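**Student:** Each residue of the sequence shown is one higher than the one before, starting from 1 at the first, in full-length UniProt numbering.
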Amino acid sequence: MEENRQERMEENRQERMEENRQERMEENRQERMEENRQERMEENRQEKMEESSQEKMEENRPEKMEESSQERMEENRQERNDTWLNIESNHKFCSQFSRPVYAMVASVQPDSFDTLHSYANTFQMPFVTPWFPENVSN
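1) Could you check what DSSP says for Met-125 in three-state terms: helix, strand or coil?
2) For Val-108, write down the residues that DSSP places opposite it in a beta bridge.
3) Return helix, strand or coil for Phe-97, following the three-state DSSP convention.
4) Relative to the alpha-carbon of Gln-124, which residue among Glu-3, Tyr-102 and Gln-38 has its alpha-carbon at the smallest distance?
5) Sort Gln-38, Cys-94 and Glu-11 by Cα distance to Thr-122 and report the nearest one.
6) Hey, how far is the Cα of His-91 from the Cα of Ser-98?
7) Contact check, Trp-131 vs Ser-107 under 8 Å by CB: the rounded distance?
8) Rounded to whole angstroms, what's the CA-CA distance from Ser-118 to Pro-126? Just pull it up for me.
9) Look at the alpha carbon of Arg-29 and the alpha carbon of Glu-43, and state the distance between them as a whole number of angstroms.
10) I need the straight-line Cα distance from Pro-100 to Leu-116, nearest angstrom please.
11) Indicate the three-state DSSP secondary structure (helix, strand or coil) for Tyr-102 in the structure shown.
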């Protein structure tokens with residue numbers, strides 16, 4: 001009987017030891033999984049930071065800045081040319097009024113209609129064109 005009791009105690013002890021071992025293994029597995037997850041998160045964060053810094057470097061690279069600067073210069077040049085053409089056109093247009101004018105007859109582009117319409121209103125004369133816009137500003 002005593003022997004039987006000792007065997008059961010030994011079996012219980014062995015079972016507890018096995019359970020403890022299984023628990024430790026599970027804990028270790030979960031710890032490794034958490035460590036791996038943390039490492040992946042850190043890697044992702046670093047990759048994003050690197051991508052962000054590369055994008056910033058790309059935006060600030062001299063060639064890119066030169067391109068945008070050249071684009072702005074070209075836009076400014078075009079605006080100056082447009083302004084000069086408008087001044088020159090206005091001067092030519094006004095010089096025509098040194099003679100008697102009874103009506104304005106013209107084929108116009110959509111972007112110049114408002115200007116010619118304004119001249120006709122200012123000088124109180126008819127403006128005749130084969131083209132008529134849908135919206136007229138007064």
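Ideal Cβ positions, reconstructed from N, Cα and C, are used throughout, including at glycine.
These figures come from a predicted structure and were not determined experimentally.
**Tutor:** In brief:
1) coil
2) BP columns for Val-108 are empty, so no partner.
3) coil
4) Tyr-102
5) Cys-94
6) 11 Å
7) Contact flag correct, Cβ pair sits at about 7 Å.
8) 11 Å
9) 21 Å
10) Distance between the alpha carbons of Pro-100 and Leu-116 is about 17 Å.
11) coil
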